[in-house]
Structures are given as structure tokens and as C-alpha cells.
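Student:
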Amino acid sequence: MNLFASALWLTAGLLLPGQPTTKPAETKLTRVLVITGCDVPAHKWRETTPVLREHLEQTKKFEVVVSEEPLVLESSALDGYDAILINYYNWQRPSITDKAKENLLKFVKGGKGLVCFHFSVRAFGDWPEYRNLVGRIWTDGSGHGPRGPFKVKITDPDHFITEGTKDFDADDELYAKLVGDAPINVLMEAYSDWSKRTEPLAWTLDFGKGRVFGIMLGHTANDCRNPDFVRLLQRGTEWVARKDPK
Numbered sequence: 071m072n073l074f075a076s077a078l079w080l081t082a083g084l085l086l087p088g089q090p091t092t093k094p095a096e097t098k099l100t101r102v103l104v105i106t107g108c109d110v111p112a113h114k115w116r117e118t119t120p121v122l123r124e125h126l127e128q129t130k131k132f133e134v135v136v137s138e139e140p141l142v143l144e145s146s147a148l149d150g151y152d153a154i155l156i157n158y159y160n161w162q163r164p165s166i167t168d169k170a171k172e173n174l175l176k177f178v179k180g181g182k183g184l185v186c187f188h189f190s191v192r193a194f195g196d197w198p199e200y201r202n203l204v205g206r207i208w209t210d211g212s213g214h215g216p217r218g219p220f221k222v223k224i225t226d227p228d229h230f231i232t233e234g235t236k237d238f239d240a241d242d243e244l245y246a247k248l249v250g251d252a253p254i255n256v257l258m259e260a261y262s263d264w265s266k267r268t269e270p271l272a273w274t275l276d277f278g279k280g281r282v283f284g285i286m287l288g289h290t291a292n293d294c295r296n297p298d299f300v301r302l303l304q305r306g307t308e309w310v311a312r313k314d315p316k
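In my numbering, the protein residues as written are 71 to 316.
#1: May I ask you to list the residues that DSSP assigns as paired with R116?
#2: Please tell me whether R312 and G183 are closer than 8 Å, where the distance is taken between their beta carbons.
#3: Spatial neighbours of G306 within its chain, please: C-beta separation below 7 Å, excluding the five flanking residues on both sides.
#4: According to the neighbour-count rule (16 or more other Cβ atoms, all chains shown, within 10 Å of its Cβ), is G250 buried or exposed?
#5: Out of curiosity, what's the CA-to-CA distance linking G234 and P227?
#6: Which whole-angstrom value describes the C-beta separation of A291 and V104, a residue pair presumed to lie in contact below a C-beta threshold of 8 Å?
#7: With a cut-off of 8 Å on the beta carbons, I'd call L257 and T274 a contact; round off their distance for me.
#8: In this structure, what does DSSP give as the bridge partners for V311?
#9: Out of V204, Y245 and E144, which has the shortest C-alpha to C-alpha gap to D210?
#10: State the beta-bridge partners of D239 as determined by DSSP.
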């Protein structure tokens, strides 16, 4: 073995000046469980769900798992998630079981996050506590006029979710006359020609130690591609999972 080869051999296992002693820690992804699998025919969950997933995963911050069966809420597997996103309405289906309801409440009360997307405010109509959990729900008397353009006004520009988002134009459904008594923090609103009043379109609330974000936009997959919607969804999910800067 010549001197050059010997030097290479001797230094192969040695730490050279300036080299790191350990590998940099990998950033842990925020785990999000999307509950979907049913809705009224006008809501194409098979089209909107992949778009929602794509928006979250493109940030490189989220690991997204989609379940088309809400029975997953009965499982102890919930412990492995940081947030749940609901894109589901049990149209012509029974509600979730008491065990699933108990687990969902425990999940959020214990300090984790929930995102209530679009018509998910109509889900589980037989469950009174869902109204408190998501802040506002769709019930008899709720509705919307014909979809069309409207101006969305940001009402809390200092919140992490809306920071950097200005008032914007949407062409979507404008939900109106949602009901609920929980003290929500309205993030954005719009005037409804159908209800003749200003309606909340996104909000937050605390539930136990957990966080909830409701966003009513996103009727179609194309509506979910509105850049302002995308930003709000991403930051809203980050916020409920407590990954926002403290």
C-alpha cells in the first residue's frame, strides 16, 4: 500500500475539521386524517378530496391519510394524528357510533385539531354536541342562493391563518343562516343576497385544549384551487395542529 492509499485508509473513518458530528434532525411531518366517503350528490367528494390532499402535501409539512369510512373514528389509531379534516356528510346513512363521537370529542378536547370543510357543517345531525364542536352547523332554514361571484372580506387580518391574505373575490356557494351558540372568532365574511345579511365564511374556536377551523368555501374541486382558499386551508390546518409559530 503506497503512502497516498494509506492516508486515505487512515482518514476514512476519522472526522475531518468542519464536518458535522450528527445528521441534521429530520422535520417531523404533521399527520392529518381526512374523513370522507359520502355527501349529497351535488358535492363531489371524490373530486375535492384529492385536491385538498394535494394542497396540504405540497407544503412538505403534512402527511395526509384519507379514510372513506368514518368507522376509523372508533379506532385507537386516532392517537397517531395531529389533526382531522372532515369532508363528509352522512347523506342517507346513519350517523357515526357513540364510540366514534366520544373519540372525536376526546381527540379535540385533548389538544389536537379539527378542520370542518364546506358541507361538513351538515354532518351528524342527530348529535347535539357536534354543533358546539364545529361552532356553526347547517340545519333546517340554512341555505344559499345561486352560486356566483362575491367579495370575501377578511375580518381578522392579524390571525395566523389570515395573515397576508387580503380581501378577495370568490365564485362559489355562499352559505347562510348557519346556526350555533359557540363563541367563534370570525376570520372572513361576505354579504349574502339570499339571506340579506353578512355571513361568516371561516372561523376558529377553542374546544377544550384543542383548536377548530371552519371554512365554508370549496363547493367544487375547481373552487378549491382558488389561491386564497389554498392558503387559508394550509395555514388553517397548520394552526389547528399547533404548528404555527408561538
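The C-beta atom is built at its ideal place from N, Cα and C for all residues, glycine as well.
If you're wondering where the values come from, they're calculated on a predicted model, not measured in any experiment.
Tutor: In brief:
#1: Looking at the DSSP assignment, R116 forms no beta bridge with any residue, so it has no partner.
#2: It is a contact, given that the beta carbons lie within the stated cut-off.
#3: Excluding positions up to five away in sequence, the list reads V185, I231, F283 and I285.
#4: Result: buried.
#5: Cα-Cα distance, rounded: 7 Å.
#6: Cβ-Cβ separation between A291 and V104: approximately 14 Å, too far for a contact (criterion under 8 Å).
#7: That pair is a contact at about 6 Å.
#8: It is worth fixing the name first, because residue 311 is Ala in this sequence and not Val. Answer is none; A311 lacks a bridge partner.
#9: When each option's Cα is compared against that of D210, the closest is Y245.
#10: According to DSSP, D239 bridges with K221.
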